[in-house]
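Numbering (full-length UniProt numbering), first residue to last: 1 to 413.
Positions of the beta carbon are idealized from the N, C-alpha and C atoms, including for glycine.
This structure is a prediction, so every number in the text was calculated from the model and none was measured.
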Amino acid sequence: MQPGDQTSGGDAGAEAEAFVPRGGLHGLRRRTGPVLLDSSPRSGRAGDGRRSTFREDVGHAAAETYLVTGLAFTLLGYLGVGYRWISQLIALLLYAVLLMPGFIKVGYYYFFSSQVCRSVVYGEQPRNRLDLYIPRDHSKSCPVVAFVTGGAWIIGYKAWGALLGRRLAERGIIVACIDYRNFPQGTISDMVTDASEGISFVCNNAVSFGGDPNKIYLMGQSAGAHIAACALLDQAVKESKGEHTSWNLAQVKAYFGLSGGYNIQKLVDHFHERGLYRSIFLSIMEGEESLPLFSPEIVTKRSSAEAIALLPEIVLMHGTADYSIPSSASETFADVLKHAGGKVKLQLYEGKTHTDVFLQDPLRGGRDQLVEDVISVIHADDAHAREKDALAPTPERLVYEWQLKLARQISPF
Numbered sequence: 001m002q003p004g005d006q007t008s009g010g011d012a013g014a015e016a017e018a019f020v021p022r023g024g025l026h027g028l029r030r031r032t033g034p035v036l037l038d039s040s041p042r043s044g045r046a047g048d049g050r051r052s053t054f055r056e057d058v059g060h061a062a063a064e065t066y067l068v069t070g071l072a073f074t075l076l077g078y079l080g081v082g083y084r085w086i087s088q089l090i091a092l093l094l095y096a097v098l099l100m101p102g103f104i105k106v107g108y109y110y111f112f113s114s115q116v117c118r119s120v121v122y123g124e125q126p127r128n129r130l131d132l133y134i135p136r137d138h139s140k141s142c143p144v145v146a147f148v149t150g151g152a153w154i155i156g157y158k159a160w161g162a163l164l165g166r167r168l169a170e171r172g173i174i175v176a177c178i179d180y181r182n183f184p185q186g187t188i189s190d191m192v193t194d195a196s197e198g199i200s201f202v203c204n205n206a207v208s209f210g211g212d213p214n215k216i217y218l219m220g221q222s223a224g225a226h227i228a229a230c231a232l233l234d235q236a237v238k239e240s241k242g243e244h245t246s247w248n249l250a251q252v253k254a255y256f257g258l259s260g261g262y263n264i265q266k267l268v269d270h271f272h273e274r275g276l277y278r279s280i281f282l283s284i285m286e287g288e289e290s291l292p293l294f295s296p297e298i299v300t301k302r303s304s305a306e307a308i309a310l311l312p313e314i315v316l317m318h319g320t321a322d323y324s325i326p327s328s329a330s331e332t333f334a335d336v337l338k339h340a341g342g343k344v345k346l347q348l349y350e351g352k353t354h355t356d357v358f359l360q361d362p363l364r365g366g367r368d369q370l371v372e373d374v375i376s377v378i379h380a381d382d383a384h385a386r387e388k389d390a391l392a393p394t395p396e397r398l399v400y401e402w403q404l405k406l407a408r409q410i411s412p413f
């Protein structure tokens with residue numbers, strides 16, 4: 001796999017506008033200088049470290065709107081007029097409307113909670129930003145989850161991880177939701193490079209925002225699970241060859257892959273039938289000849305025993321009723337990893353769809369099985385944390401049950 005040289009991630013991580021000091025969310029600073037940045041979630045940050053003015057915020061919003069509009073027209077040029085993607089878009093809009101009460105509540109938390117630090121710069125590209133979700137009690141070092149969001153390689157955005165970030169932060173775990181370039185702004189190699197730079201930033205700066213550098217976990221959902229797995233395997237191959245890298249796999253305790261596709265060569269026709277047409281998917285993946293290079297399952301088969309031995313524990317999680325990416329994708333990848341000598345665990349959720357485990361279930365309130373399974377791995381060696389988990393308050397319901405059931409039927413995912 002050749003998604004690009006990751007070395008620049010270290011430089012970006014060292015120079016980027018960082019993070020939350022251990023004492024709290026009172027300011028962000030550069031690692032290489034004394035410049036203080038305002039960390040209030042309600043305010044922006046100018047590139048020179050000072051608080052941005054209203055005029056600058058408006059200018060930034062206008063520039064982003066112009067960029068997104070241009071990319072949307074480019075994307076429409078790829079998609080053309082097709083009933084599959086248009087019907088999927090309509091379904092997505094109806095799905096969002098049904099779950100809007102929950103999205104509004106999560107959005108309020110995202111924009112106004114003092115525990116959320118948005119748009120921390122980790123690299124030089126426009127989408128090289130991440131959001132930090134900090135536990136209220138961060139008096140001691142906390143485990144850190146670096147999370148790569150899904151979005152069909154086209155509509156991924158860091159804020160999609162807000163609900164997961166909130167739930168894990170409530171249980172004493174820092175979450176860093178990593179943004180990356182989507183298609184057509186970037187192709188798969190750009191996405192993997194961005195993800196790796198984001199992981200590098202988290203590994204190299206964990207201490208600065210109250211994290212434990214020896215308890216870092218990598219997680220991805222859907223397309224994000226695929227991208228994160230590509231970055232993980234690329235790192236293992238490079239380290240096994242003695243190449244210079246900006247982060248170290250020894251810091252990553254486990255990888256959680258939720259509803260991911262790991263052999264995209266086998267999924268081209270499936271995605272085409274689902275509305276992600278072959279032509280656009282191959283454009284995302286940089287041509288048919290590149291499919292094996294960005295299929296973690298195939299890369300695993302081709303990798304040396306030394307590279308596989310460097311991998312952390314792999315936890316693959318998938319709903320058995322997932323029709324966006326069949327659960328067989330995780331099952332097959334788990335078998336390949338086991339055969340190669342990797343440490344792997346497969347967790348199947350009976351009757352759960354692509355969005356059940358990530359959206360509908362946590363919006364339902366109560367104890368969410370996915371969150372509990374992730375926490376059980378992270379807190380496996382921490383008896384005190386497990387005691388606190390047993391006494392943790394039950395999350396509130398955010399959406400009525402009838403809306404969740406109807407949304408499940410309409411969901412395009």
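| query | What do you get for L218, buried or exposed, if any count of 16 or more other CB atoms within 10 angstroms of its CB means buried? | reply | Within the sequence shown, residue 218 is the residue found at index 218, counting from 1. The residue is buried, with at least 16 neighbouring Cβ atoms inside 10 Å.
| task | State the start and end residues of the unbroken beta strand (DSSP E) segment that holds residue 416. | result | With the chain covering only 1 through 413, there is no way to say anything about residue 416.
| said: According to DSSP, E313 sits in a beta bridge with which residue or residues? | reply: On the sequence shown, residue 313 is found 313 positions in, with the first residue counted as 1. According to DSSP, which records beta bridges pairwise, E313 is partnered with A254.
| request: Can you have a look at I86 and say buried or exposed, based on whether 16 or more other CB atoms are within 10 angstroms of its CB? | output: To locate residue 86, count along the sequence shown from 1; it is residue 86. Flag for I86 reads exposed.
| What did DSSP end up calling L163 once you bin it into helix, strand or coil? | Against the sequence shown, residue 163 aligns to sequence position 163. Here L163 carries a helix assignment [DSSP, helix/strand/coil].
| field | As assigned by DSSP and simplified to three states, the class of P296 | value | As a first step, residue 296 is located in the sequence shown; it is residue number 296 there, counting from the start. Of the three classes helix, strand and coil, the one that applies to P296 here is helix, per DSSP.
| message | For D137, which residues in the same chain have their Cβ closer than 8 Å to its Cβ, ignoring the five residues on either side in sequence? | response | For the purposes of this step, residue 137 is taken as the residue at position 137 of the sequence shown. So the list reads G172, once near-sequence residues are dropped.
| query | Quick one: Cα of A340 to Cα of L316, how far? | reply | Indexing the sequence shown from 1 puts residue 340 at position 340. Indexing the sequence shown from 1 puts residue 316 at position 316. The straight-line gap from Cα to Cα measures roughly 16 Å.
| task | Mind checking which residues open and close the beta strand (DSSP E) that includes Y400? | result | For the purposes of this step, residue 400 is taken as the residue at position 400 of the sequence shown. Careful: Y400 lies outside any beta strand (DSSP E) and carries neither H nor E.
| query | When DSSP labels each residue in this structure, what does P393 get in the three-state scheme? | reply | Within the sequence shown, the letter at position 393 stands for residue 393. P393 falls in the coil class under three-state DSSP.
| Residue span of the alpha helix (DSSP H) that contains P101, given as start and end | Within the sequence shown, residue 101 is the residue found at index 101, counting from 1. Residues M100 to F112.
| task | In angstroms with no decimal places, state the Cα-to-Cα distance between L258 and V371. | result | Start at 1 with the first residue of the sequence shown, and residue 258 comes out as number 258. Start at 1 with the first residue of the sequence shown, and residue 371 comes out as number 371. Answer to the nearest angstrom: the Cα atoms are 11 Å apart.
| Within this structure, are the beta carbons of D194 and G123 separated by less than 9 Å? | Indexing the sequence shown from 1 puts residue 194 at position 194. Indexing the sequence shown from 1 puts residue 123 at position 123. Yes, the Cβ-Cβ distance between D194 and G123 is below 9 Å.
| query | So, L408 versus Q360, is the Cβ gap smaller than 9 Å? | reply | Here residue 408 is taken as the residue at index 408 of the sequence shown, counted from 1. Here residue 360 is taken as the residue at index 360 of the sequence shown, counted from 1. Checking the sequence, you will find Arg at residue 408 rather than Leu. Yes. Within cutoff.
| query | N182 to G156, Cα distance in whole Å? | reply | To locate residue 182, count along the sequence shown from 1; it is residue 182. To locate residue 156, count along the sequence shown from 1; it is residue 156. Taking the straight line joining both Cα atoms gives about 7 Å.
| task | Could you tell me which residues DSSP puts in a beta bridge with C177? | result | By one-based count along the sequence shown, residue 177 stands at place 177. Per DSSP, D131 and F147.
| Range covered by the alpha helix (DSSP H) that runs through R274 | Within the sequence shown, numbered from 1, the residue matching residue 274 stands at position 274. Its alpha helix (DSSP H) spans residues V268 to R274.
| For L398, which residues of its own chain have a beta-carbon under 6 Å away from its beta-carbon, when the five flanking residues on both sides are left out? | For the purposes of this step, residue 398 is taken as the residue at position 398 of the sequence shown. Only G102, K105 and L363 meet the Cβ criterion.
| request: Measure from the alpha carbon of P292 to the alpha carbon of each residue in A309, A96 and L233, then state which is nearest. | output: Residue 292 sits at position 292 when you count from the first residue of the sequence shown. Comparing Cα positions, the closest option is L233.
| When the Cα atoms are used, what is the spatial distance from D38 to N214? | Here residue 38 corresponds to residue number 38 of the sequence shown, with the count starting at 1. Here residue 214 corresponds to residue number 214 of the sequence shown, with the count starting at 1. Unreliable positioning characterises D38 in this predicted model, as indicated by a pLDDT of 39, which lies under 50. The coordinate reading is nonetheless provided below. D38 and N214 have their C-alpha atoms roughly 28 Å apart.
| Would you call the segment 334-349 and the segment 131-146 touching, i.e. three or more CB-CB distances under 8 Å? | no
| query | Is it right to say L276 is buried, meaning 16 or more other beta carbons lie within 10 angstroms of its own, or is it exposed? | reply | For the purposes of this step, residue 276 is identified with residue 276 of the sequence shown, where counting begins at 1. Label assigned to L276: buried.
| At a cut of 8 Å, does the segment 324-343 reach the segment 256-273 through at least three beta carbon pairs? | yes
| task | Could you tell me which of G287, Q221 and R127 sits nearest to D356, measuring between CA atoms? | result | Within the sequence shown, residue 356 is the residue found at index 356, counting from 1. When only C-alpha atoms are compared, the closest one is Q221.
| field | C-beta atoms of G224 and I174 nearer than 9 Å | value | Working through the sequence shown from its first residue, we reach residue 224 at position 224. Working through the sequence shown from its first residue, we reach residue 174 at position 174. Against a cut-off of 9 Å, the Cβ pair of I174 and G224 comes out as no contact.
| task | Please name the residue in R167, T187 and V121 whose C-alpha comes closest to that of M285. | result | For the purposes of this step, residue 285 is taken as residue 285 along the sequence shown, with counting starting at 1. For M285, the nearest C-alpha among the options comes from T187.
| task | Just grab the DSSP bridge partners of H318 for me. | result | Position 318 of the sequence shown, counted from the start, is the residue given in the question as residue 318. L348.
| said: Considering only their Cβ atoms, is the gap separating R167 from P393 smaller than 9 Å? | reply: For the purposes of this step, residue 393 is taken as residue 393 along the sequence shown, with counting starting at 1. For the purposes of this step, residue 167 is taken as residue 167 along the sequence shown, with counting starting at 1. Between P393 and R167, the CB-CB gap reaches or exceeds 9 Å.
| field | Proximity of E313 and V377 at Cβ, strictly below 9 Å | value | Position 313 of the sequence shown, counting from 1, holds the residue named residue 313. Position 377 of the sequence shown, counting from 1, holds the residue named residue 377. One thing to note: E313 has its Cβ within 9 Å of the Cβ of V377.
| Per DSSP, what kind of secondary structure is Q115 in: helix, strand or coil? | The residue you call residue 115 lines up with position 115 of the sequence shown. In the structure shown, Q115 sits in coil (DSSP, three-state: anything other than H, G, I, E or B).
| message | Which residues does DSSP list as the beta-bridge partners of V120? | response | The sequence position of residue 120 within the sequence shown is 120, counting from 1. Per DSSP, L130.
| task | Quick one: measure Cβ to Cβ for R274 and S324, integer angstroms, because I've assumed they're closer than 8 Å. | result | One-based indexing of the sequence shown puts residue 274 at position 274. One-based indexing of the sequence shown puts residue 324 at position 324. Confirmed, about 7 Å.
| said: Less than 9 Å between the C-beta atoms of K352 and A321, yes or no? | reply: Working through the sequence shown from its first residue, we reach residue 352 at position 352. Working through the sequence shown from its first residue, we reach residue 321 at position 321. Yes, these two residues count as a Cβ contact at 9 Å.
| query | Apart from the five residues just before and just after G161, which ones in its own chain have a Cβ nearer than 6 Å to its Cβ? | reply | Within the sequence shown, the letter at position 161 stands for residue 161. Taken in chain order, the residues that qualify are F147, T149 and C177.
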